[in-house]
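Enquirer: Mapping the sequence shown onto this note's numbering, position 24 (from 1) lands on 59, and the numbers just tick up by one.
Cβ coordinates follow ideal geometry from the N, Cα and C atoms, glycine included.
Given the structure is predicted, the values throughout are model-derived calculations rather than measurements.
Structure in structure tokens, see below.
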Amino acid sequence: MMKKVVILGCENSHADSFLKYIKEKEEFSDVEVIGVFSDETAASEKLREKFGVAIMDRYDEAVGKVDGVMITARHGDNHYPYAKPYIESGVPMFIDKPITINENEAVEFMKALEKAHVRITGGSSLRQDALIKMLKHEAETERDGKTVGGIVRAPIASDSPYGGFFFYAQHLVEMVCEIFGRYPKSVLATASGPQTTVIFRYDGFDAVGVYLENNYVYYAARFAEHGTHGATVQLGEENDWFYQEFAEYHKLLCGGKQTVSYHDFIAPVFLLNAIKRSMDRGQEEKVREYTL
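If you want it as structure tokens, here you go:
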């Protein structure tokens, strides 16, 4: 049975990659994209020319007509508004990073999704990386002993028109969350030229994040009591983050269970805001606690 979906906010490479998988991979031949929407006309027109998909005039025009919604808008402020008209129908959703930018909106968003039993996936595609998954497993199983620290490197684009700092910053935060845990107590961010260093304070250890402006190198390492394991994080055919996240969403379309809790899903939003406050105020900031 065909699953009809729409892609809302198709300005980035996710939409292009997802449409390519649907077109070329037999395992996704049961998915039909009945429309794409973007507030940037050129982005949707590019996909129509390349894949023959229909362009939607409004992001809410497919309510009641689809089996799933994929939200890949570049600006996090668009994610909840795009999702809201479809929530009551209960269809599964893919929600790209940043989930949203505002902390209060994040809580409202997740409460609405949970109430309607909308199954979700998404966030930063770095969650799907093979090295990140390995380091997460090693932390959980305490390979070489307990975690005593670590370091993660990723880009930011503070001058981005799609939310500035928030646009790219979740990639680093997602890697930190996956490896070291989603709930550090506080953060301290200091800037030096194009570099911003963030200390994530957990119970018993600190992890360090290094942001570099518009420098697209990713790295992650975990420090244990008796060893260190780390490497450069690389996207490739054998480690295709976009394929992994689309495959996870496809499972939801086919009736599969959600793999991350609503509470955990929005944890990066609160870390991002704590980092931004620390950057702006020049002091250590607590990560806001929240309940759903």
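(1) Pick out whichever of 307, 155 and 321 has its Cα sitting closest to the Cα of residue 280.
(2) Within 10 angstroms of its Cβ, does residue 160 collect 16 or more other Cβ (buried), or is it exposed?
(3) Once DSSP output is grouped into helix, strand and coil, what is the label at residue 90?
(4) Could you check where the beta strand (DSSP E) with residue 257 kicks off and where it finishes?
(5) Return the residue from the list 240, 101, 250 and 269 that minimises the CA-CA distance to residue 194.
(6) Starting from the Cα of residue 301, find the closest Cα among 131, 100 and 66 and give me that residue.
(7) With a threshold of 16 other CB atoms inside 10 Å of the CB of residue 171, please say whether the residue is buried or exposed.
(8) Would residue 233 and residue 244 qualify as a contact pair, given that the criterion is a beta-carbon distance under 8 angstroms?
(9) Note the first and the last residue of the continuous alpha helix (DSSP H) segment covering residue 277.
(10) What residue from 91, 65 and 85 has the CA that sits closest to residue 42's CA?
(11) If you count every other CB in all the chains shown that lies within 10 Å of the CB of residue 222, and 16 or more means buried, which is it?
(12) Cβ atoms of residue 255 and residue 262: under 8 angstroms apart, would you say?
(13) Compare the beta carbon distance of residue 183 and residue 260 with 8 angstroms and say whether it is the shorter of the two.
Expert: Quick answer:
(1) Taking the sequence shown and counting its residues from 1, one reaches residue 280 at position 245. When only C-alpha atoms are compared, the closest one is 155.
(2) As a working note, residue 160 is residue 125 in the sequence shown. When all chains shown are included, residue 160 counts as buried.
(3) Locating residue 90 in the sequence shown gives position 55, counting from the first residue. Residue 90 falls in the strand class under three-state DSSP.
(4) The count along the sequence shown starts at 1 and reaches residue 257 at position 222. Element bounds for residue 257: 253 to 259.
(5) Residue numbering aside, residue 194 sits at position 159 when the sequence shown is read from its first letter. Measuring from the Cα of residue 194, the nearest candidate turns out to be 250.
(6) Within the sequence shown, the letter at position 266 stands for residue 301. Selected option, being the one with the closest Cα: 131.
(7) Taking the first residue of the sequence shown as 1, we reach residue 171 at position 136. The residue is buried, with at least 16 neighbouring Cβ atoms inside 10 Å.
(8) Numbered from its first residue, the sequence shown carries residue 233 at position 198. Numbered from its first residue, the sequence shown carries residue 244 at position 209. Result yes, Cβ atoms of residue 233 and residue 244 sit closer than 8 angstroms.
(9) Taking the sequence shown and counting its residues from 1, one reaches residue 277 at position 242. Taken as a continuous stretch (DSSP letters only), the alpha helix (DSSP H) holding residue 277 covers 276 to 288.
(10) Here the question's residue 42 lines up with position 7 in the sequence shown. Nearest C-alpha to residue 42: 91.
(11) Your numbering for residue 222 matches position 187 in the sequence shown. Per the 10 Å Cβ criterion, buried.
(12) The sequence position of residue 262 within the sequence shown is 227, counting from 1. The sequence position of residue 255 within the sequence shown is 220, counting from 1. Cβ distance not < 8 angstroms, so residue 262 and residue 255 don't count as in contact.
(13) On the sequence shown, residue 183 is found 148 positions in, with the first residue counted as 1. On the sequence shown, residue 260 is found 225 positions in, with the first residue counted as 1. Yes; because the gap between Cβ atoms is below 8 angstroms, this pair is in contact.
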